[in-house]
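Inspection log for the structure reproduced underneath, given as structure tokens.
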Amino acid sequence: MSLWAIAVRGLRVRALSTTLTGVSLAMGVMLVVCVLVVYGVVAGAFERNASLGYDVIVGAKGGRLQLVLNTVYHLSTPVENVPYSYYREFVEGEFAPYVVWAIPYCLGDNYRGNRVVGTVPGLFEVEYSPGRRYAIAKGRNMRQDGAFEAVVGAVAARQAGLAVGDRFRPTHGVEDDGQGHEHEEFAVVGVLAPTGTPNDRALFVNIEGFYLLDGHTSHDREGTVPDRHDDEDVHDQDHLHAENQPTHLEGDDHEHGGHEQANLGDHGQDAHANGHAEPDDHGHGHDHGELEATAPADHDDDDHDHAGHQGHDHGPVPVEQREVTAILVRTANPVASALLPNRINEGPVAQAVSPAREIRGLFEEVVGPIQWALLGLAALVVVVAAVGILVSLVNSMGARRREIAVMRALGARRRDVLTIVLLESLLLGVAGGAAGWLLGHALLGVVGPLAAARTGIAVGPLSFAAAELAILPLVALLATLAGYLPARMAYRTDVARALGSSA
Amino acid sequence: MDVVQLVGVKKAHVDPAGGRCAVLDVERWVLGAGEQAALLGHSGSGKTTLLHVIAGLTLPDEGSVRVADCELTGLDEPARDRFRAGAIGYVYQTLNLLDGFSSLENVLLGMTFGGRPPDERRARDLLDRVGLGHRLHHRPEALSVGERQRVAVARALLARPTVMLADEPTAHLDPVNQRQVIDLIRSACREESVALLLVTHAPDVAEAFERVESIESFNRAAKGIPAKEVA
Numbered sequence: 036m037s038l039w040a041i042a043v044r045g046l047r048v049r050a051l052s053t054t055l056t057g058v059s060l061a062m063g064v065m066l067v068v069c070v071l072v073v074y075g076v077v078a079g080a081f082e083r084n085a086s087l088g089y090d091v092i093v094g095a096k097g098g099r100l101q102l103v104l105n106t107v108y109h110l111s112t113p114v115e116n117v118p119y120s121y122y123r124e125f126v127e128g129e130f131a132p133y134v135v136w137a138i139p140y141c142l143g144d145n146y147r148g149n150r151v152v153g154t155v156p157g158l159f160e161v162e163y164s165p166g167r168r169y170a171i172a173k174g175r176n177m178r179q180d181g182a183f184e185a186v187v188g189a190v191a192a193r194q195a196g197l198a199v200g201d202r203f204r205p206t207h208g209v210e211d212d213g214q215g216h217e218h219e220e221f222a223v224v225g226v227l228a229p230t231g232t233p234n235d236r237a238l239f240v241n242i243e244g245f246y247l248l249d250g251h252t253s254h255d256r257e258g259t260v261p262d263r264h265d266d267e268d269v270h271d272q273d274h275l276h277a278e279n280q281p282t283h284l285e286g287d288d289h290e291h292g293g294h295e296q297a298n299l300g301d302h303g304q305d306a307h308a309n310g311h312a313e314p315d316d317h318g319h320g321h322d323h324g325e326l327e328a329t330a331p332a333d334h335d336d337d338d339h340d341h342a343g344h345q346g347h348d349h350g351p352v353p354v355e356q357r358e359v360t361a362i363l364v365r366t367a368n369p370v371a372s373a374l375l376p377n378r379i380n381e382g383p384v385a386q387a388v389s390p391a392r393e394i395r396g397l398f399e400e401v402v403g404p405i406q407w408a409l410l411g412l413a414a415l416v417v418v419v420a421a422v423g424i425l426v427s428l429v430n431s432m433g434a435r436r437r438e439i440a441v442m443r444a445l446g447a448r449r450r451d452v453l454t455i456v457l458l459e460s461l462l463l464g465v466a467g468g469a470a471g472w473l474l475g476h477a478l479l480g481v482v483g484p485l486a487a488a489r490t491g492i493a494v495g496p497l498s499f500a501a502a503e504l505a506i507l508p509l510v511a512l513l514a515t516l517a518g519y520l521p522a523r524m525a526y527r528t529d530v531a532r533a534l535g536s537s538a
Numbered sequence: 005m006d007v008v009q010l011v012g013v014k015k016a017h018v019d020p021a022g023g024r025c026a027v028l029d030v031e032r033w034v035l036g037a038g039e040q041a042a043l044l045g046h047s048g049s050g051k052t053t054l055l056h057v058i059a060g061l062t063l064p065d066e067g068s069v070r071v072a073d074c075e076l077t078g079l080d081e082p083a084r085d086r087f088r089a090g091a092i093g094y095v096y097q098t099l100n101l102l103d104g105f106s107s108l109e110n111v112l113l114g115m116t117f118g119g120r121p122p123d124e125r126r127a128r129d130l131l132d133r134v135g136l137g138h139r140l141h142h143r144p145e146a147l148s149v150g151e152r153q154r155v156a157v158a159r160a161l162l163a164r165p166t167v168m169l170a171d172e173p174t175a176h177l178d179p180v181n182q183r184q185v186i187d188l189i190r191s192a193c194r195e196e197s198v199a200l201l202l203v204t205h206a207p208d209v210a211e212a213f214e215r216v217e218s219i220e221s222f223n224r225a226a227k228g229i230p231a232k233e234v235a
């Protein structure tokens with residue numbers, strides 16, 4: 036019979052104490068595993084999300100981190116808006132030479148808690164991170180002229196139960212608090228394949244439709260009656276900077292005056308060719324008010340796929356009434372990447388931030404320390420559990436003195452009994468550590484989907500962190516150290532006294 | 005040929021007041037090969053200390069202790085432990101067995117620390133010979149006190165020792181079991197040609213032995229000293 040077998044029997048004899056001590060250790064290790072894995076996954080997600088297909092985010096002056104959080108992560112509240120004309124500067128104005136592409140983001144609505152983003156179809160034709168492009172898993176991309184079309188992220192589609200052909204009404208506000216009013220319907224024309232980014236949780240609607248919703252233009256908020264621009268104005272706003280625009284964004288099926296357009300939002304081309312609109316009566320229980328008062332009167336819906344919004348006479352919103360919350364910018368080269376933010380920041384209108392820098396800063400200054408603190412607490416739990424091993428073994432020593440003496444009388448050397456007690460401690464540590472490791476991953480399997488749904492960060496039972504490899508050796512070492520004091524007690528057992536010497 | 009030989013052995017304990025209290029003072033005492041002796045003495049007369057000295061569990065302050073031609077006082081503790089594992093079988097009053105181990109495993113423990121591979125067949129044979137062949141896998145709590153002592157006897161014999169030391173092995177047994185255990189120990193030692201030294205305070209236990217001695221007869225530290233004055 037080996038010393039290992041004797042140690043195992045020793046633990047089994049004290050089954051209750053062994054179990055309780057092992058469970059407390061397992062709980063500690065479980066916490067450490069969870070923190071490590073989540074830390075690794077979050078760090079990986081931050082790193083991955085810091086590696087975006089765009090390198091500059093432009094938005095209203097204010098919180099830099101807030102701009103990144105609500106643009107990249109769909110968290111926090113949106114910052115103020117910048118005029119649409121400012122966005123046009125990236126397409127064909129003073130910033131255009133620095134830019135490969137620029138995508139507008141309009142934020143401020145949600146659907147069942149998932150953020151709604153007003154944007155252009157071109158978003159899904161550029162890389163969302165280096166070398167990775169969006170894929171439409173089902174359906175198609177929204178069309179330029181499909182003002183009320185939407186493409187939905189994979190998680191958002193699942194959570195909201197949306198599929199191609201379904202319709203949904205965004206709610207004003209970024210939180211599903213029941214306070215915001217419902218907007219008009221958008222039709223889901225496509226569902227994105229999972230990207231592993233927060234965009235999986237977002238619903239992307241055509242920016243043209245977004246502007247047509249109540250409260251989404253500057254005039255809506257100011258309470259003034261907007262003037263609709265003529266066709267020329269609106270067409271101009273939709274020109275992308277042709278030289279810098281990727282081929283897939285350039286041109287479409289619509290020819291306008293012999294030039295190609297990057298067709299980011301040409302809803303109602305025919306309509307606004309016909310001048311201003313009359314107020315419509317679409318019966319949605321939702322009054323477009325002033326906006327619709329300026330819509331083209333003889334808008335021909337037959338020429339447009341309004342994706343479930345037939346019967347409305349919306350014309351495009353004039354450029355001066357338009358605003359964007361953020362502009363995603365892919366700069367042309369490293370020099371442009373360095374110069375463009377400076378030029379923007381020197382101006383009074385907007386700020387340019389590097390999402391990668393902000394994300395890394397956030398991670399290093401906020402998220403990282405919090406997770407280290409959690410890890411420290413979890414490690415403390417493990418240390419307390421290790422002290423539990425020590426207490427358990429020390430308490431058992433009184434009852435085991437006779438047992439140790441019997442073994443010594445049978446020829447066991449002091450180092451044999453010392454080894455047996457250390458092995459007991461080691462086994463307890465390894466068993467508790469292994470159980471804790473399994474429990475940790477089981478817990479991740481349980482809470483992972485919840486966390487993924489809430490944060491977009493995918494974590495599951497099979498998520499692993501490299502640091503986990505160190506857990507068992509460290510726990511084994513800690514347990515062995517904890518077992519040293521009782522082992523020394525066993526080592527120093529006075530055999531003659533323990534055997535009940537009557538001398 | 006003597007298998008145990010004590011010459012000029014002295015051993016004293018330190019009392020709580022810091023004074024030294026003599027426990028053993030033996031000029032010469034021997035036990036022959038295969039011999040069986042019963043040692044009588046009242047509580048505190050040094051019987052158990054004598055066994056511990058012979059087993060190498062404790063060293064005398066003075067004198068020579070030779071067991072199976074090995075001078076124990078010349079060995080360091082690990083060497084004495086290893087020697088004890090191979091040459092000496094030990095049976096105590098009670099609590100001989102380790103909880104959590106079956107009868108068979110408790111017997112096999114008798115060879116675990118001796119550096120030799122455990123002989124399970126012999127362990128089974130010995131348990132069979134002590135009448136426990138049908139209780140190989142019972143744990144101590146499932147055995148009677150008499151049965152536990154039989155397991156202890158089998159364990160003490162497993163490593164084919166030269167000497168068996170039995171310290172009040174029948175102290176907690178009824179008269180019938182006392183007789184059975186004593187007969188078992190004696191017959192087993194005889195069959196295995198193992199010398200036996202049994203200490204007891206009960207004359208009726210000792211009467212079965214050919215050689216019966218009072219410890220006071222050769223331990224000067226115990227002569228005329230009331231038990232309570234001996235540590």
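Read top to bottom, the protein sequences are chains L and E. Throughout, the working numbering is defined as the position within the first sequence, counted from one, plus 35. Throughout, the working numbering is defined as the position within the second sequence, counted from one, plus 4. Ideal placement from N, C-alpha and C gives every residue a C-beta, glycine not left out. All figures in this text were calculated on a predicted structure; none of them were measured in a lab.
Below the 9 Å Cβ cutoff, chain L contributes R448, R449 as neighbours of E81 of chain E, in chain order. When the beta-carbon positions are compared, V203 of chain E and T174 of chain E stay at least 7 Å from each other.
DSSP links D235 of chain L through a beta bridge to no other residue. Between the C-alpha atoms of G433 of chain L and V27 of chain E there is a straight-line separation of about 27 Å. Within the region 420-451 of chain L, contact with chain E at the beta-carbon level (separation under 8 Å) is assigned to R437, E438, V441, M442, R443, A444, L445, G446, A447, R448, R449, R450, D451. Against N100 of chain E, the close residues of chain L are V441, in the order they occur along the chain (beta-carbon pairs closer than 7 Å). In the DSSP assignment, the residues bridged to H17 of chain E are E:C25. Inter-residue distance for E162 of chain L and A373 of chain L is about 21 Å (C-alpha atoms, whole angstroms). Where S68 of chain E is concerned, the enclosing beta strand (DSSP E) starts and stops at 66-71. At a Cβ-Cβ threshold of 7 Å, V71 of chain E and V57 of chain E do not count as neighbours. At least 7 Å separates the beta-carbon of R435 of chain L from that of G104 of chain E. When CB distances to chain E are screened at a threshold of 8 Å, the residues of the region 40-69 of chain L falling below it are I41, R44, G45, R47, V48, in chain order. Between the region 38-54 of chain L and the region 363-370 of chain L there are fewer than three inter-stretch CB-CB distances shorter than 8 Å, so the stretches are not counted as touching.
Its Cα nearest to that of E196 of chain E, the residue E:R159 stands out among E:R183, E:R88, E:F222, E:R159. D180 of chain L counts as buried, since at least 16 other C-beta atoms from the protein chains shown sit within 10 angstroms of its C-beta. With contacts defined by Cβ atoms closer than 7 Å, R154 of chain E and L136 of chain E form a contacting pair.
Across the structure, A511 of chain L and G464 of chain L are spaced so that their CA atoms are roughly 5 Å apart. As the crow flies, the alpha-carbon of D129 of chain E is around 10 Å from that of L162 of chain E. For E109 of chain E, the residues of chain L that pass the 7 Å Cβ criterion are M36, in the order they occur in the chain. The residue among L:L227, L:M442, L:G244, L:L55 with its C-alpha nearest the C-alpha of E219 of chain L is L:G244. Counting only unbroken stretches of 4 or more residues, the alpha helix (DSSP H) elements lying wholly within the region 108-138 of chain L are 119-127, in sequence order. Using beta-carbon distances, V530 of chain L counts as an interface residue toward chain E, with a partner under 7 Å.
Look at S59 of chain L here: in three-state DSSP terms it is helix. Inter-residue distance for G446 of chain L and E109 of chain E is about 16 Å (C-alpha atoms, whole angstroms). Using a Cβ-Cβ cut-off of 7 Å, D132 of chain E does not count as an interface residue toward chain L, since no Cβ of chain L sits closer than that to its own. Along the length of the region 43-121 of chain E, whole beta strand (DSSP E) runs at least 3 residues long occupy 66-71, 92-95, reported in chain order.
Using beta-carbon distances, H56 of chain E counts as an interface residue toward chain L, with a partner under 7 Å. In summary, P404 of chain L is exposed, with fewer than 16 beta-carbon neighbours lying within 10 Å of its beta-carbon over all protein chains present. In this structure, the beta-carbon distance from R236 of chain L to A195 of chain L does not fall below 7 Å. Of the candidates E:R143, E:D171, E:R133, E:R133 places its Cα closest to the Cα of L188 of chain E.
Taking S389 of chain L as reference, the option from L:T54, L:T53, L:Q101, L:A413 with the minimal CA-CA separation is L:Q101. Between L113 of chain E and M36 of chain L a beta carbon distance of about 6 Å is seen, short of the 8 Å cut, so the two are scored as contacting. Here L412 of chain L is exposed. Its C-beta has fewer than 16 other C-beta atoms within 10 Å. Scanning chain E for C-beta atoms nearer than 7 Å to the C-beta of L463 of chain L yields nothing, as the closest lies near 15 Å away. C193 of chain E and A414 of chain L have their C-alpha atoms roughly 58 Å apart. The criterion of a C-beta distance shorter than 7 Å is not satisfied by A41 of chain E and V95 of chain E.
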